[in-house]
Amino acid sequence: MQRVPVETTDSSYDVVIDSGGLERAAEYIRPIVSDRRLFIIADEGAWRHQHARLLKGLGSLHSTHLSYPGGEGRKRLDEVERLCDRMFAAGADRSACVLAFGGGIAGDVGGFVAAVYMRGVDLIQVPTTLLAQVDAAVGGKTGVNLTEGKNLVGAFHQPRLVLMDPLTLSTLPDREYRAGLFEVVKHGIIRSRSLFDLMTNASERILARDPVLLEKIIAESVAIKAEVVRRDEKEGGLRRILNFGHTLGHALEAQTGYRRLLHGEAVGYGMIAAAYLAESLDMLSGEECESLERTVSAYGPIPALDGVSAHNLVARIGGDKKTIGGRVHFVLPTAIGKVEVVRDPNRNLVTEAARKALSAAFVSTPSPQPVASP
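Residue numbers (this note's numbering): 1 to 374.
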């Protein structure tokens, strides 16, 4: 078991990484909630595979399950309203505590419900996917999508506890698992050459879900994010580096209707596009660009991107949260382990980088089935 402390301006909490921790959930949660009611907002997949372990671990704690269908298409304000209505009908008052259980979407939606229900109630995050464990559940970002883009309505709402059980990853489909690994690679690129080198040199063992390496990369990713959040809780400066790969990644998700790609896959595309752009701006050497592309590609492929236009992708980034005062901000690598925020890079160079990434080696040829229905 490992604990990683997260410190912010107004709060502090622990991220607990414990194999088998679901069966011991009450040990970690009871000191926070005492006899207060827990409202479990869980996506259907996590609940189907892991609910028996969670309920056993919660023991005598008073909990109420609120199902959430999951999927980017259901990550909307009307779902938040529906969940708040159900909490109220079940008797939730200001002493209630939301337990968000599942992947990153359940964490974002459940966290946003906690942020706004009766102007804010306590939140516990129990992420069950790799992407949620290494990224989405830590740092206090919550939110839902608009038609125009991802996470455009939300709030910062720090949890009281994040409980991660790596054993939940045993039921994760291979594609979902690989999508989370792209975010681990991202943490290496922005902040840790050693983590990047581990992802490069041990890719076969990591893809095989080696339990020792899995716990190591989760803990290192959480430590990197915790350090960044401590220094910049609300994305005023340093925290923007966590958006590496997300500017064009979010545009790609929106352009494909949130149905063709998993979030981590879109970030994988965005990281390669950002590397191409950095190389064209003479910020990143060709050797480092090739190394970055090779390591990202090791965790692919991602679904085919036929029919996606680089021009349309670049047009979409104007509506992203990273656009401030009409100026687009890109996080670009200058070396493995170092990135810079660049404002308004040449649009033609951005389009060319997006075009080149659309035909990158880790993009598969046949079109996949949709990941979810809106």
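Ideal Cβ positions, reconstructed from N, Cα and C, are used throughout, including at glycine.
Secondary structure at N348: helix, using DSSP grouped into helix, strand and coil.
By the criterion of a C-beta distance shorter than 6 Å, G59 is surrounded in its chain by A26, once the five residues flanking it on both sides are discounted. By the Cβ-count criterion, M1 is exposed, with fewer than 16 other Cβ atoms from all chains shown falling within 10 Å of its own Cβ. The Cβ neighbour count for S11, taken over all protein chains shown within 10 Å, is under 16; the residue is labelled exposed. Here Y68 is bridged, per DSSP, to D43.
No Cβ-Cβ contact shorter than 7 Å links P159 with Q133.
Pairing I272 with A360 gives a Cβ-Cβ distance under 7 Å. Inclusion of L277 and P333 in the CB contact set at 7 Å is not warranted, their separation being larger than that value. Note that the C-beta distance between A115 and H49 is not below 7 Å.
Between E44 and S19 the beta-carbon gap is near 24 Å, outside 8 Å, which marks them as no contact. Runs of beta strand (DSSP E) with 3 or more residues, each lying fully within the region 117–185, are found at 122–127, 141–146, 149–156, 161–164, listed in chain order.
Remark: C-beta atoms of V350 and L305 do not approach each other more closely than 7 Å.
D282 and T295 have their C-alpha atoms roughly 21 Å apart.
Ranking A357, I41, Y269 by CA distance to the CA of A96 puts I41 first. Closest in alpha carbon position to R327, among V184, R316, V33, is R316.
Looking at H329, P303, A275, the one whose alpha-carbon comes closest to that of S291 is A275. By DSSP's assignment, G102 forms a beta bridge with P127. T128 sits buried, since 16 or more C-beta atoms from the chains shown fall within 10 Å of its C-beta. At the C-beta level, F112 and T147 stay beyond 7 Å of one another. I17 sits in a strand when the DSSP states are folded into three classes.
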